[in-house]
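Asker: Quick one: this structure, given as structure tokens, is what I'll be asking you about.
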């Protein structure tokens, strides 16, 4: 039977949910981490804020994926909690190499040296195995309360990392590669939650430039 009209005419295509994500300022990050140091899951929060890793990438990170000779963090696999095994990353572009600063490398070396019990897993539980997401989330909620910072999700630590990098005027392509996004538009559209003060600073800089 031949249709005389497209039954989907007039139907709006669903749009991606780009609702604003919650992020922390640099000061809030420091307040959170200062309290988080008392918790075994501290390293998970530190990795997410320092490198913008996804939750599954944080939990799946192995010491063998950190090259201290070249100061590089290799993101090649993720931990799939349901299957209880390491597996593929979210997308092909998620496979990436992230540079590590000397300060970050020194902290990771010290953490590895004192890690108890010793494990191939960076973010290991008290038995040397993989941490469970729900336990990390519970710890995060308690830490937020104690640090008196707004409650955000673990994934929003990744948003915070991206936002802070963009606020310090890092090139969007660099941020895109660190996060493992396919398109730079994703980085800008979803993660660039620039705060009002940053907009004000930008306005002042332009005004000074234009009227100089």
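In the UniProt record's numbering, the protein residues as written are 1 to 212.
C-beta: ideal position from N, C-alpha, C; glycine also.
Bear in mind the structure is a predicted one, so any value in this text is a computation, not a measurement.
Provide the residue span of the alpha helix (DSSP H) that contains residue 78, from first to last.
Answerer: That residue, residue 78, is in no alpha helix (DSSP H); its beta strand (DSSP E) goes 78 to 80.
Asker: Pick out the complete alpha helix (DSSP H) segments inside the region 106 to 163, 4 residues or longer, and give them in chain order.
Answerer: Whole alpha helix (DSSP H) segments, 4+ residues: 133 to 147.
Asker: Taking Cβ positions only, does residue 52 come closer than 8 Å to chain C?
Answerer: Looking for chain C here will not work: only one protein chain is present.
Asker: In angstroms, rounded to a whole number, what distance separates the CA positions of residue 147 and residue 159?
Answerer: C-alpha separation (whole angstroms): 19 Å.
Asker: Under a three-way DSSP split, which group does residue 180 fall into?
Answerer: Three-state DSSP puts residue 180 in coil, outside helix and strand.
Asker: With residue 49 as the anchor, note down where its beta strand (DSSP E) starts and where it stops.
Answerer: First-last for residue 49: 42 to 51, but that is the alpha helix (DSSP H), not the beta strand (DSSP E).
Asker: Enumerate in chain order the residues of its own chain whose CB-to-CB distance from residue 68 is below 7 Å, with the five nearest sequence positions on each side excluded.
Answerer: So the qualifying residues of the chain are 105, 109.
Asker: Taking the alpha carbon of residue 76 as the reference point, which residue from 180, 211, 208 has its own alpha carbon closest?
Answerer: Of 180, 211, 208, the residue nearest in Cα terms is 180.
Asker: Between which two residues does the alpha helix (DSSP H) holding residue 30 run?
Answerer: Its alpha helix (DSSP H) spans residues 26 to 36.
Asker: When you compare only the Cα positions, how much space is there between residue 33 and residue 46?
Answerer: Taking the straight line from one Cα to the other gives about 7 Å.
Asker: When you compare the region 82 to 102 with the region 34 to 42, are there three or more beta-carbon pairs, one atom per stretch, that lie closer than 8 Å?
Answerer: Short answer: they don't touch.
Asker: For residue 223 and residue 127, what's the separation of their Cα atoms in angstroms?
Answerer: In this structure the chain extends from 1 to 212, so residue 223 is not present and cannot be described.
Asker: Could you tell me the distance, in whole angstroms, from the CA atom of residue 98 to the CA atom of residue 201?
Answerer: Taking the straight line joining both Cα atoms gives about 30 Å.
Asker: Is residue 131 buried or exposed, if buried means 16 or more other CB atoms sit within 10 Å of its CB?
Answerer: When all chains shown are included, residue 131 counts as buried.
Asker: Can you tell me which of the three DSSP states residue 72 falls into?
Answerer: In the structure shown, residue 72 sits in a strand (DSSP, three-state: E or B).
Asker: May I ask which residues mark the beginning and end of the beta strand (DSSP E) holding residue 85?
Answerer: Counting along the chain, the beta strand (DSSP E) containing residue 85 begins and ends at 85 to 87.
Asker: Using the C-alpha atoms, what's the distance from residue 27 back to residue 91?
Answerer: The straight-line gap from Cα to Cα measures roughly 32 Å.
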